[in-house]
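2 protein chains.
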Amino acid sequence: MKTRVFITLKPGVLDPQGKAIHHALEGLGFSGVNDVRAGKLIELDVDDSTTDSDIEAMCKKLLANTVIENFRIERGS
Amino acid sequence: MKTRVFITLKPGVLDPQGKAIHHALEGLGFSGVNDVRAGKLIELDVDDSTTDSDIEAMCKKLLANTVIENFRIERGS
Chain A
3 MKTRVFITLK
13 PGVLDPQGKA
23 IHHALEGLGF
33 SGVNDVRAGK
43 LIELDVDDST
53 TDSDIEAMCK
63 KLLANTVIEN
73 FRIERGS
Chain B
3 MKTRVFITLK
13 PGVLDPQGKA
23 IHHALEGLGF
33 SGVNDVRAGK
43 LIELDVDDST
53 TDSDIEAMCK
63 KLLANTVIEN
73 FRIERGS
């Protein structure tokens, strides 16, 4: 079963990668961009027997740094 | 307007970061994970006047490397 984990920086945490992307977009002539935040997307292919709490444990122990990052789990088919 | 861009490696492209995550999950005792692919999530806050084709141009010119990556755009509110 495909499961996607979206990892984003918490509001207020500085994001130099996002800032660099924002600056580069402006340099390329794209106006109208107010803010850019960079995050991660991790696609897991797990057995059907894997529970939601297993995935949450993976996020808390390894995939996300919960001090500075939020994570959201989206279970697919 | 919030817009999210999901960037994933094309099938067949080697993903050492995903492999490392997979290996680390196994090392932590999480069984039942068959595959892991790592991607990027870029959240843009753009003016309402920004069109879909503007976002697509940003992806093609800067955000994604279309030789090895696919991108998907999700427009929010």
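Residue numbers (the numbering used here), protein chains in the order written: chain A, 3 to 79; chain B, 3 to 79. Glycine residues also receive a C-beta, built at the ideal position from the N, C-alpha and C atoms. Computed from a predicted structure; not experimentally measured.
What are the boundary residues of the beta strand (DSSP E) that residue i is part of?
i: A26/B; result: First-last for A26/B: 18–29, but that is the alpha helix (DSSP H), not the beta strand (DSSP E).
i: L11/B; result: 4–11
i: G41/B; result: 35–48
i: I75/B; result: 71–77
If you compare alpha carbons, which of the options is closest to residue i?
i: L10/B; options: R77/B, T68/B, G78/B; result: Here the sequence assigns Thr to residue 10/B, which means Leu is not the residue at that position. If we check each option's Cα against that of T10/B, T68/B comes out closest.
i: D1/B; options: G31/A, E45/A, S55/A; result: Any answer about residue 1/B is impossible in this case: the structure gives chain B only from 3 up to 79.
i: L30/A; options: L65/B, S51/B, V15/B; result: L65/B
i: H24/A; options: V48/B, S55/B, R74/B, N72/B; result: V48/B
i: D50/B; options: N36/A, D56/A, D50/A; result: N36/A
Please report the straight-line C-alpha distance between residue i and residue j, rounded to a whole angstrom.
i: K12/A; j: R6/B; result: 16 Å
i: T52/A; j: E28/A; result: 44 Å
i: I80/B; j: E58/B; result: Outside the shown range of chain B, which is 3 to 79, sits residue 80/B, and nothing can be said about it.
i: A22/A; j: D54/B; result: 22 Å
i: K4/A; j: A26/A; result: 33 Å
i: G78/B; j: K63/A; result: 30 Å
i: V81/B; j: I70/B; result: With chain B covering 3 to 79 only, the question about residue 81/B has no answer from this structure.
i: Q19/A; j: V38/B; result: 23 Å
i: N72/A; j: F73/B; result: 22 Å
What is the residue span of the alpha helix (DSSP H) that residue i lies within?
i: I57/A; result: 54–60
If you check the beta carbons only, do residue i and residue j fall under 8 Å apart?
i: L43/A; j: G41/B; result: yes
i: F8/A; j: M60/B; result: no
Hey, is residue i close to the ligand ATP, as in C-beta under 7 Å from one of its heavy atoms?
i: D50/B; result: No copy of the ligand ATP appears in this structure; indeed no ligand is present at all.
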